[in-house]
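**Q** Numbering that gives the first Met the number 0 numbers the first residue of the sequence shown as 0 and each following residue consecutively. Take a look at this one; I'll ask things after.
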Amino acid sequence: MKRHKNQLKNKEEFNSIMKNTKTSSNNMIKQLMILYNMIMVIYSAVISFSTMWAVYNLGYGLGCAELPDPNDKRTDIFVWIGYFFYVSKIVELLDTVFFLWRGKVDQVTFLHVFHHATMPPSIWWGVKYAPGKFNNHCFL
């Protein structure tokens, strides 16, 4: 119980500090968030369309398919797409920074922290140890 009270006290202190700095930097943070979100939408669209292009041009369908030949250099595109997806998960850690800059500590929930803490290592593991295979279920 004491630990919970300390955490609540720290949140209140953080919120009071952020309220004092809100007026001067609120507009800058809003513009930065808009730019960040636009860049992430474009980046995610490029990853999505690259994946669809590769799947279509390599002759894969939506149904069951054989595993690709590991010696086929054409399937290396899936490894590159996996690395780009991994980079996007690292960059998306900025979501938490934006929450804190805006003073929205209540939006930093356990689920949010858990998601952003586990996605980069799980994507890295998939790209490192199972590259180029149909392991895209880990992206869900």
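Glycine is no exception: its CB is placed at the ideal position from the N, C-alpha and C atoms.
Do VAL78 and VAL170 count as a contact pair if the criterion is CB distance below 8 Å?
**A** The requested residue 170 does not occur in the structure, where the chain is confined to residues 0 to 139.
**Q** For ILE80, which residues from the same chain have a beta carbon less than 8 Å from its beta carbon, with the 5 sequence-adjacent residues on both sides left out?
**A** The answer, listed in chain order, is ILE46, SER49, THR50, ALA53.
**Q** To the nearest angstrom, report how far apart VAL112 and ILE76 are at their CA atoms.
**A** 31 Å
**Q** Alpha carbon to alpha carbon, how far is TYR59 from PHE98?
**A** Within the model, the alpha-carbon separation for TYR59 versus PHE98 is close to 40 Å.
**Q** Taking just the CA atoms, how far does PRO120 sit from LEU213?
**A** Given a span of 0 to 139 for the chain in the structure shown, any question on residue 213 remains unanswerable.
**Q** Just curious, the alpha helix (DSSP H) that VAL90 is in, first and last residue?
**A** VAL90 -> alpha helix (DSSP H) spans 75-90.
**Q** Does LEU31 come out as helix, strand or coil in the three-state DSSP assignment?
**A** helix
**Q** Could you pull out every residue in the same chain whose Cβ sits closer than 6 Å to the Cβ of MET32, ignoring the five residues on either side in sequence?
**A** The answer, listed in chain order, is PHE97.
**Q** Could you tell me the distance, in whole angstroms, from the CA atom of TYR42 to the CA atom of TYR55?
**A** About 20 Å.
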